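Participant:
Chains as they are written, first to last, in our numbering: chain A, 1 to 430; chain B, 1 to 91.
#1: So is residue 216 (chain A) buried or exposed if we call it buried at 16+ other beta carbons inside 10 Å?
#2: Consult DSSP for residue 235 (chain A) and reduce its assignment to one of helix, strand or coil.
#3: Are at least three pairs of beta-carbons, each pair with one atom in the segment 367 to 377 of chain A and one in the segment 223 to 231 of chain A, less than 8 angstroms apart?
#4: Mind checking if residue 322 (chain A) is an interface residue toward chain B, Cβ cutoff 8 angstroms exclusive?
#5: Could you check the C-alpha separation between residue 241 (chain A) and residue 391 (chain A) for me, to the nearest Å?
#6: Under a three-way DSSP split, which group does residue 51 (chain B) fall into?
#7: Residues bridged to residue 73 (chain A) by DSSP?
#8: Whose C-alpha, out of A:73, A:29 and A:31, is nearest the C-alpha of residue 49 (chain A)?
#9: Could you work out which residue in A:223, A:386 and A:371 is closest to residue 239 (chain A) when comparing CA atoms only?
#10: Please state the DSSP three-state secondary structure of residue 242 (chain A).
#11: Can you have a look at residue 244 (chain A) and say buried or exposed, based on whether 16 or more other CB atoms are within 10 angstroms of its CB?
#12: Can you pull the chain B residues whose beta carbon is under 9 angstroms from the beta carbon of residue 314 (chain A), in chain order?
#13: Could you tell me the boundaries of the alpha helix (DSSP H) in which residue 264 (chain A) lies?
#14: If we define contact as Cβ-Cβ less than 8 angstroms, is residue 362 (chain A) a contact residue for chain D?
#15: Using only the alpha-carbon positions, how far apart do residue 18 (chain A) and residue 31 (chain A) sit?
#16: For residue 287 (chain A), which three-state DSSP category applies?
#17: Is it right to say residue 485 (chain A) is buried, meaning 16 or more other beta carbons lie within 10 angstroms of its own, or is it exposed?
#18: How about residue 34 (chain B): is its C-beta nearer than 8 angstroms to some C-beta of chain A?
#19: Buried or exposed: which applies to residue 357 (chain A), given that a residue is buried once 16 or more other Cβ atoms fall within 10 Å of its Cβ?
#20: Taking just the CA atoms, how far does residue 57 (chain B) sit from residue 380 (chain A)?
#21: Any heavy atom of the ligand GTP within a distance shorter than 7 angstroms of the CB on residue 37 (chain B)?
#22: Under 8 angstroms, Cβ to Cβ, is there at least one residue of chain A near residue 39 (chain B)?
#23: State the DSSP-derived secondary structure class of residue 347 (chain A), mapped to helix, strand or coil.
#24: Is residue 266 (chain A) close to chain B? Criterion is C-beta to C-beta, closer than 8 angstroms.
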């Protein structure tokens, strides 16, 4: 392996990716330049973002691109793409019911739709459509209500009856013995999947190009306080001062916030995901089971990618419990009996923040100049662009963006819990 | 698989139990009308990476509530005690 050499601190314009650039490199092979600069920390920044995941990188990019703040460091304790941004099931959608969520996730989906052009990086958005299934008439009523809410907000939604679902997804179980008969579903055609690694790399490259320092292998060990303000961080690469400091480390939020003296309405839980061996193209939608929390899609390589519920008790182990593997496999076979002989190729566990109402937190904290973004539960990946967009606005203007006013960290103190699924109050039951 | 040594029934798979959340927080007095005390009790968690005191109910066994000290980074259980009749913060 060759040693990576740190480049000087000037910001040479990186070559843009294009068909022409690809042709040029094919005809005269020269190494592609690094996607982002290997930066060493300066002593002082306008903004420090702790966490080089999707949300942290998106925040840095939008701070630079939308708000003209370019003296920014993103501190990542490992390497870019090592966290949950590279460990999820890559779904994007905006079929939410509650006012606030509807608009926020639709903003996110709109940003996804133009992201490859915005970043000059192919994030491989595939708008293959998502079908949420209903297994009884009551569920179909709920989906109709959700679909109407979406339509009233200018979002595409189509209610499917049993026949429509049979035509779109002929491989599901429609037999008489089926435990969860299919009554219909709700289709959002603009939903789909995104190449998750490309999102991290694309935001990192675009942010770096605008002058953001992306510092890998730099673990934050504490916060610097002066006169009641947070004025920077102590790290494994030394002390770094900042005008404003932002936390975006979902999964480990409690640990980092505790360093600043904050207790959060967050528990860390383990979520497992699975990929089967590759098969020929079969599933050309994202499918959500209605009888359990279970979702499935087929990757470009042919493997079926799916996941279910969290394991259900606080965990930082990254090792899933086997009964949950069985639960998820049972869901898969109940939905699509023909995949019962497929073998699982890969299976992994990630640590995610869970909150009492299943909704995240973005905004200011009680500590001056400390901003917080976390508590994403199951929905962090699809929210990446809008989260970065709104968090950047919040940091730049020292006031919450209108789209995230309902996601304040102190909402439970004000009796303003925001519970999309009505599961209520216990993070481990969300 | 995580297994819990129930003081009544012996060593059992965790699937026989229902998790009941953080058991380390003392419940405020019933007459306490301070909202921030109740907010902290219900909504704020230490969420430690390490030893965590938590409720489990042996639902498919003796149905008793237990207090378990478990390391959240390794799942090793240090201690299991017989809990209250019903914990204050679980359903």
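We put the beta carbon where it would ideally sit given N, CA and C, even for glycine. Source: prediction; values computed, not measured.
Facilitator: To lay it out plainly:
#1: buried
#2: DSSP places residue 235 (chain A) in strand when its eight states are reduced to three.
#3: yes
#4: yes
#5: 20 angstroms
#6: strand
#7: A:48 and A:213
#8: A:73
#9: A:223
#10: Here DSSP, grouped into helix, strand and coil, assigns residue 242 (chain A) to strand.
#11: buried
#12: Result: 19, 21, 22, 45, 47, 48, 52, 54, 70 and 72.
#13: From DSSP, residue 264 (chain A) is part of no alpha helix (DSSP H); its letter is neither H nor E.
#14: Checking the listed chains, one finds no chain D in this structure; the protein chains it contains are A and B.
#15: 15 angstroms
#16: strand
#17: As shown, chain A starts at 1 and ends at 430. That puts residue 485 (chain A) outside it, with no answer to give.
#18: Closer than 8 angstroms: no.
#19: buried
#20: Straight-line Cα distance between these residues: approximately 31 angstroms.
#21: As for the ligand GTP, it is missing from this structure, which has no ligand bound.
#22: With its beta carbon less than 8 angstroms from one in chain A, residue 39 (chain B) belongs to the interface.
#23: strand
#24: By this cut-off, residue 266 (chain A) is an interface position.
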